[in-house]
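Colleague: Protein chains in written order, with my numbering: chain A, 19 to 245; chain B, 44 to 657.
Using N, Cα and C, we set each Cβ at its ideal position, and we do this for glycine too.
All values derive from a computational prediction rather than experimental measurement.
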Ligand SMILES: Nc1nc2c(ncn2[C@@H]2O[C@H](COP(=O)(O)OP(=O)(O)OP(=O)(O)O)[C@@H](O)[C@H]2O)c(=O)[nH]1
Ligand SMILES: [Mg+2]
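1. To which residues does DSSP link residue 158 (chain A) through a beta bridge?
2. How would you label residue 311 (chain B), buried or exposed, when you count the other beta carbons within 10 angstroms and need 16 or more for buried?
3. With burial defined as no fewer than 16 other Cβ atoms inside 10 Å of the residue's Cβ, what is the status of residue 295 (chain B): buried or exposed?
4. Which residue wins for smallest C-alpha separation from residue 96 (chain A), given the options B:549, B:570, B:607 and B:473?
5. Between which two residues does the beta strand (DSSP E) holding residue 87 (chain A) run?
6. Report the option in B:322, B:270, B:313 and B:327 whose CA atom is closest to the CA atom of residue 230 (chain B).
7. Would residue 318 (chain B) count as contacting chain A if we go by Cβ distances under 7 Å?
8. Measuring only the C-alpha atoms, how far is residue 219 (chain A) from residue 93 (chain A)?
9. With a threshold of 16 other CB atoms inside 10 Å of the CB of residue 614 (chain B), please say whether the residue is buried or exposed.
10. Note the first and the last residue of the continuous beta strand (DSSP E) segment covering residue 278 (chain B).
11. Is residue 104 (chain A) close to chain B, meaning its C-beta is less than 7 Å from at least one C-beta of that chain?
12. For the alpha helix (DSSP H) containing residue 300 (chain B), list its first residue and its last residue.
13. Step through the CB atoms of chain B and report whether any lies within less than 7 Å of the CB of residue 80 (chain A).
14. Could you tell me whether the segment 368 to 383 of chain B touches the segment 589 to 607 of chain B, using the rule of 3 or more Cβ pairs below 8 Å?
15. Going by beta carbon distance, what residues of the same chain come within less than 8 Å of residue 390 (chain B), once the five residues before and after it are set aside?
16. Considering only the alpha carbon of each residue, which of A:84, A:78 and A:141 lies closest to residue 447 (chain B)?
17. With DSSP run on the structure shown, which of helix, strand or coil describes residue 119 (chain A)?
18. Using a Cβ-Cβ distance cut-off of 7 Å, determine whether residue 137 (chain A) contacts chain B.
19. Residue 461 (chain B) and residue 309 (chain B): beta carbons closer than 7 Å?
20. Between residue 170 (chain A) and chain B, is the shortest Cβ-Cβ distance under 7 Å, so that the two count as touching?
21. Are the C-beta atoms of residue 497 (chain B) and some chain A residue less than 7 Å apart?
22. The beta strand (DSSP E) spanning residue 110 (chain A) covers which residue range?
23. Quick one: is the Cβ of residue 59 (chain A) within less than 6 Å of any heavy atom of ligand 2?
24. Chain B beta carbons: is any one of them nearer than 7 Å to that of residue 127 (chain A)?
25. Could you tell me the distance, in whole angstroms, from the CA atom of residue 81 (chain A) to the CA atom of residue 158 (chain A)?
26. Please say whether residue 217 (chain B) and residue 554 (chain B) have beta carbons closer to each other than 7 Å?
27. When you measure from the CB of residue 189 (chain A) to every non-hydrogen atom of ligand 1, does any distance come out below 6 Å?
28. Could you compute how far the alpha carbon of residue 57 (chain A) sits from the alpha carbon of residue 76 (chain A)?
29. Can you say whether residue 457 (chain B) is buried or exposed, counting buried as having 16 or more other CB atoms within 10 angstroms of its CB?
30. Pick from B:407, B:269, B:270 and B:317: whose alpha carbon is nearest that of residue 282 (chain B)?
31. Mind the definition here: the segment 167 to 185 of chain A touches the segment 132 to 148 of chain A only if three or more C-beta pairs lie below 8 Å; say whether that holds.
32. Report all residues from its chain with a CB closer than 7 Å to the CB of residue 392 (chain B); omit the five preceding and five following residues, and keep chain order.
33. Return the chain-ordered list of same chain residues with a C-beta closer than 6 Å to the C-beta of residue 146 (chain B), the five sequence neighbours on each side being excluded.
34. Whose Cβ in chain B lies nearer than 9 Å to the Cβ of residue 46 (chain A)?
35. Cβ of residue 76 (chain A) within 6 Å of any heavy atom in ligand 2?
36. Assign residue 269 (chain B) to one of three DSSP states: helix, strand, or coil.
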């Protein structure tokens, strides 16, 4: 379903060597966590469709998928874009449980969201043995330089202290988006691609196999990319 | 465009008005129309039980006043009787609603909403209340309004404000319908217009009023002033207040507040709201509702513009019964354990609804729950996100537990056809999503989407009655649709009701007719109402409720013939206009009835027997 792959800006290598060689497809569960309004859905929309649109606050959780091709494996990201609103906090564990990757997102122009990200981190750490989840600290809205309240150094040093990876992004401009996804893909694959009980194979359901492709594609969910 | 005489009335401001609908009811039941109706032949399925209740004595002059409404010129000038006043004000309410607070305004000088004039919006209410008469259950308490003025002006911590409207501006006061939600401790929770914190003193005043009356072992229900009706509804720890100049009945307004309450419950559940406030009386519930203002705003806009709420019935898209059946069968086949409702929606109207047998055995989905679901879908970002999985409570089904709703559009990027699957199992996302793929596949095979895309609402002209402009028909339970969702049918609103203003005016007339039919003090079965620009006839029997709108020139005899024809037409088209025999499926091998039992999964436990795929 190559025609459904999104445009990837700035010469990313997201689907550089996909041609015909049969590669394994592994499922990666990735969850986006963080305060309401930091731009989780906007990031998810960049991941899924490489678009930036106005969003409304997420209700519950939005689910979308994105396929990333690495040199020797294909990763099918199942992205859980959680709602940051407080009323949904009690159900959030439902969404992050078993995640291979977690993006802790904050808004560099809102200090509270940075503090909030640390609360999420504590919660995640209570749930997991280190190493079972790749955690990324993501400072979004990097384009709002004028209003910056959290410096790059602060983000970086929090990440260093807690053993996280760190990146600043802008869902608005698209800055560092595909880089982030690729980096997560590599890390996840390195950490748990081969290990026992790591990533599971993704089974294509008959519905989406190539025979049905033509009739199916008009109805493919708008955020589904790849097979 | 304010009329002089009208402004005078406002400037005087001291006149205490009785609730218009109760004290001096306009006469709608013309004796002559009754005799005509009585003599007329109705087709057989229609019951003739409009006998005695309708036949109330009407003062002769009010009869006359109703007739006089046929003269537009008379109407425009005269404010002397309630009927004409009602009608003219409905059409011109934006101009006529002068500010009730009578102080000449030098408020233009103060510009920032943040310097907040807490006193000012509060004063709006105080002034209004001071001028008004308290309508209470039980004892009266005239002339004791002074404690209102002592209401607290406590500052609330700044919170992310979602509306910038200047609550000191006249335009704020002139909104047709304000809705406020506050906690028992007087904390602001929601305001339809303006930010809650700018309104905290207003809310404080309202709460002071509520508790003042409560202290006398009373419940405050409503306050009437010349311009506004203020209706209070207390539900558990929440107090809901509506300030309306829409001339709707108190009962209708209270019903609307109840929808607001239910929508809050649908997000938080009743149990958790009580738990929160038991724990901490002055909890700031805005923390939990932050981000949901849009959902409540959307609900209130729907309540104003969609008669489904007034009629407490759902509107389904007219569909050839063969197509509806095939859609139902598609849903019926795509099931998974713990799935309880499968609902297909196009352009915000129901296509079909299929439900689980066992869980729903002794009950049915309430229209209000469907309305809340439809409103939630409108507010969700499913059209961007692809698939949504969210907890949602159906307050009338069970106010204390959550369902898990799967929401996804089947026709991106247009996003007009939406699938909603409700499960009692929060872990069921992947299996429910799999149901969607099956449904998608079947719909592709049957070409359903392009068939649905062609479906349209219908035009009143299809009925073939020349003077009939619009109608709303709501059948009651009859044996063959017993325990089915209450539905109504209604054609598209067409000229002369194509503009938003005219649509609203017609809806207002319907609301007025509805309030007369359902008046608590004198319910009526039949109303023939000659308004300025149209003639309306409302009729309720044991089998249906019907509202019709005719051109003003229609005669009573014509109207009656038209209704006869209309009822025949509806009977003939029934299978297309309504969801008739919705199929059921069985997905619960071991029926727990958990959702109804209320012990379902409000606790966050993983007791669910089913393998977690998450
Ligand atoms: N300037 C700027 N604005 C952004 C960026 N990303 C998102 N926004 C804006 O921030 C607001 C919130 O974005 P969302 O993506 O809905 O935030 P969210 O984290 O999903 O919020 P919840 O769903 O409530 O948890 C929207 O108005 C976006 O347009 C960004 O990179 N730069
Ligand atoms: Mg979001």
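Modeller: Concretely, from the data shown:
1. According to DSSP, residue 158 (chain A) bridges with A:125.
2. By the 10 Å Cβ count, residue 311 (chain B) comes out buried.
3. Counting Cβ neighbours within 10 Å, residue 295 (chain B) comes out buried, since at least 16 surround it.
4. Minimum Cα distance to residue 96 (chain A) is reached at B:473.
5. Its beta strand (DSSP E) spans residues 79 to 87.
6. Selected option, being the one with the closest Cα: B:327.
7. Using beta-carbon distances, residue 318 (chain B) does not count as an interface residue toward chain A, since no partner is under 7 Å.
8. Cα to Cα, residue 219 (chain A) sits roughly 9 Å from residue 93 (chain A).
9. With fewer than 16 other Cβ atoms within 10 Å, it is exposed.
10. The continuous beta strand (DSSP E) containing residue 278 (chain B) extends over residues 272 to 278.
11. Contact of residue 104 (chain A) with chain B is assigned, a C-beta pair being separated by under 7 Å.
12. Judged by DSSP secondary structure, residue 300 (chain B) falls within the alpha helix (DSSP H) whose first and last residues are 293 to 311.
13. By this cut-off, residue 80 (chain A) is an interface position.
14. As far as the Cβ criterion goes, the segment 368 to 383 of chain B does not touch the segment 589 to 607 of chain B, which means the pair count is below three.
15. When the five nearest sequence neighbours on each side are left out, the beta carbons in the same chain lying within less than 8 Å of the beta carbon of residue 390 (chain B) are those of 360 and 459, in order along the chain.
16. Ranking the options by Cα distance to residue 447 (chain B), first place goes to A:78.
17. Correct three-state label for residue 119 (chain A): strand.
18. Not an interface residue.
19. In this structure, the beta-carbon distance from residue 461 (chain B) to residue 309 (chain B) does not fall below 7 Å.
20. For residue 170 (chain A), the answer is no, since every Cβ of chain B falls outside 7 Å of its Cβ.
21. No, because no Cβ of chain A sits closer than 7 Å to the Cβ of residue 497 (chain B).
22. Going by DSSP, residue 110 (chain A) is part of no beta strand (DSSP E) but of the alpha helix (DSSP H) stretching over 110 to 114.
23. Under cutoff, so the answer is yes.
24. Not closer than 7 Å to any Cβ of chain B, the Cβ of residue 127 (chain A) fails to qualify, so no.
25. Those two C-alpha atoms are separated by around 20 Å.
26. A distance of 7 Å or more separates the beta carbons of residue 554 (chain B) and residue 217 (chain B).
27. Within the cutoff, so yes.
28. Whole-angstrom Cα-Cα distance: 10 Å.
29. So residue 457 (chain B) ends up on the exposed side.
30. Minimum Cα-Cα distance from residue 282 (chain B) among the listed residues B:407, B:269, B:270 and B:317 corresponds to B:317.
31. The segment 167 to 185 of chain A makes contact with the segment 132 to 148 of chain A, as at least three CB pairs between them are under 8 Å.
32. Close CB contacts of residue 392 (chain B) within its chain, under the 7 Å cut and outside five residues either way in sequence, are with 358, 359 and 360 (chain order).
33. Bear in mind that a pLDDT of 34 at residue 146 (chain B), under 50, signals an unreliable position, so the number given afterwards is only what the model happens to contain. Short of 6 Å from the beta carbon of residue 146 (chain B), and not among the five residues preceding or following it, lies no beta carbon of its own chain.
34. Below the 9 Å Cβ cutoff, chain B contributes no neighbours of residue 46 (chain A), its closest Cβ being approximately 14 Å away.
35. Placement of the Cβ of residue 76 (chain A) at a distance of less than 6 Å from at least one heavy atom of ligand 2 is found.
36. Three-state DSSP puts residue 269 (chain B) in coil, outside helix and strand.
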